[in-house]
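As structure tokens, the structure follows; a few thoughts come after it.
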Amino acid sequence: IYYSIDYNHANERHVDGGVLEAVANRPTIFISDASSIFNEPILRKNRDSDLIAAIMETLRSNGEVLIPTDAAGRCLELLLVLHEHWKTSQVAQTYSLCFLSFTGKHTREFVSGMIEWLARSISRDFDLHGVNPFELDSIHFVNSMAELDTIPRPRCVVT
1 IYYSIDYNHA NERHVDGGVL EAVANRPTIF ISDASSIFNE PILRKNRDSD
51 LIAAIMETLR SNGEVLIPTD AAGRCLELLL VLHEHWKTSQ VAQTYSLCFL
101 SFTGKHTREF VSGMIEWLAR SISRDFDLHG VNPFELDSIH FVNSMAELDT
151 IPRPRCVVT
């Protein structure tokens, strides 16, 4: 029996999409939901650019951005997207980018040690060029509100 009610078959920045080949090769039961069957898929490029545009519009008007997320998977994807933008657009001098989580520093260290289990593109870049995408030097990793209060505003906080 294969039970997966929230299954992601699409590639992300840090993990490859799921594959059902192991289930298809032998008689079994596959249980899944169909809640997204009528949703139009959104291209990752468009989704990311819309998110960045909304964040930057808020920061430029001296607002604060708070992005609540889960503790492991989705936050890593968001941190990679935001870090890439902060590096390429050089907004780090003007706006702060923070990850507020009691376990955030440990999450980054843990995922940095699991490069071989991430997306093939990440593993390949690491093997060929020694590039670790989780060297997120544009992000302030903080584990308390007191520590967050020391980070200059305006800021975007993933938590």
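1 is the number of the first residue of the sequence shown in our numbering; add one for each residue after it.
Virtual Cβ for every residue (Gly too), placed ideally from N, Cα, C.
Taking the Cα of glutamate 84 as reference, the smallest distance to any Cα among Ser61, Lys45, Val142 and Asn62 is reached at Lys45. Contact between valine 131 and cysteine 75 fails: their C-beta atoms lie close to 21 Å from each other, not under 8 Å. Classified as exposed, aspartate 50 has fewer than 16 neighbouring CB atoms from the shown chains inside 10 Å of its CB. Between the alpha carbons of serine 96 and isoleucine 139 lies a gap of roughly 8 Å. Taking one beta carbon from each stretch, the region 100-120 and the region 143-158 have 3 or more pairs nearer than 8 Å; the two touch. Looking at the DSSP output, histidine 140 sits in a beta bridge with Cys98. With contacts defined by Cβ atoms closer than 7 Å, arginine 108 and phenylalanine 126 do not form a contacting pair. According to DSSP, residue pairing for cysteine 156 in a beta bridge involves Val65 and Leu97. Counting only the Cα atoms, phenylalanine 30 lies some 37 Å from isoleucine 52.
Taking C-beta separations shorter than 8 Å and ignoring five residues to either side along the sequence, glycine 113 has no partners in its chain. Ranked by how close their Cα comes to the Cα of valine 91, the residues Asp33, Leu59, Leu148 and Asn143 have Leu59 in first place.
When secondary structure is reduced to three states using DSSP, phenylalanine 126 falls in the helix class.
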